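First comes the structure, then the notes that go with it.
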Ligand code: NAP
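Numbering (the numbering used here), first residue to last: 616 to 889.
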């Protein structure tokens, strides 16, 4: 069992990192930041997103475990006071895992070049200089012309993040698919979009073909994607989205109820039946 630790720099995360390293050493676990079997993240969901992209090339060989040291995390099951239990689980690991879908994106540029990205949470596309206008194709057929601030395309596990803030639905993380949510669409007698989020199944293909050449901003999880180096150079023409072939794997040492987490994070308080 080779374990990597990926932490953020808050004092609490640094304290937990030190403690975990000491306990792991005592238990005879091997540290390997380059080729681990398990990556333990210490921080919040943002830290797990960074770890995911750091270890993206090794996805089919690694499993993640998240310890959260800040707010309640969606990807981070373990609390900072459960280090002993986590080390025990790592020592007794029998390869148990749970996997979740990812989003594949191909950005096609005016010079014919294609860039590929994978998102764990979502990708957003906006035009920061004017109304974003794009044709939306579902399974190669024109569905609508979107005009508005932008679009958010999220994974099932990312549905509780940005997607939720823009009115998208929360998806069961075990469902295989992805979701398209609008950001401030223009809807009137002249311009019309569906006006509600769409949840796509496992084999769906979504394509956005942009009208304008300039001003677009595309994100992939925490990062802004570099789509234009200098004005006049290649510009983004279209982006296609589908469920990725690879998935993210988590070491599942115990069961956590996703809907309890959703209730705790977004509703809170005791819920009494009426
Ligand atoms: P951030 O702005 O520092 O934090 C965004 C918040 O989203 C944090 O509280 C983070 O939790 C939480 N979060 C991340 N993934 C989540 C998930 N799958 N479900 C529920 N909450 C989640 O940004 P960041 O830490 O770099 O994270 C990047 C993510 O922030 C993006 O992928 C996007 O989803 C989200 N975001 C949301 C908005 C919005 O809602 N208006 C705007 C921009 C970005 P932790 O505190 O545990 O890290």
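All C-beta atoms, glycine included, are put in the ideal place defined by N, C-alpha and C. Note that this is a predicted model, so its numbers are computed, not measured.
The continuous alpha helix (DSSP H) containing residue 639 extends over residues 626-641. It is roughly 9 Å from the alpha-carbon of residue 884 to the alpha-carbon of residue 878. In this structure, 742 is the residue among 746, 753, 742 with its C-alpha nearest to the C-alpha of residue 839.
In the DSSP assignment, no residue is bridged to residue 879.
In chain order, 763, 808 place their CB closer than 6 Å to the CB of residue 800, counting only its own chain and leaving out the 5 sequence neighbours on each side. Shown here, residue 689 sits in coil according to DSSP, grouped into three states, outside any helix or strand. Residue 772 sits in a helix when the DSSP states are folded into three classes. The set of residues whose C-beta lies within less than 6 Å of a heavy atom of the ligand NAP reads, in chain order, 659, 660, 661, 664, 685, 686, 688, 689, 736, 737, 772, 773, 775, 776, 777, 780, 836, 837.
DSSP places residue 746 outside both helix and strand once states are collapsed to three, so it counts as coil.
Secondary-structure assignment with DSSP links residue 798 through a beta bridge to 765. Relative to the Cα of residue 680, the nearest Cα in the group 622, 757, 629 belongs to 622.
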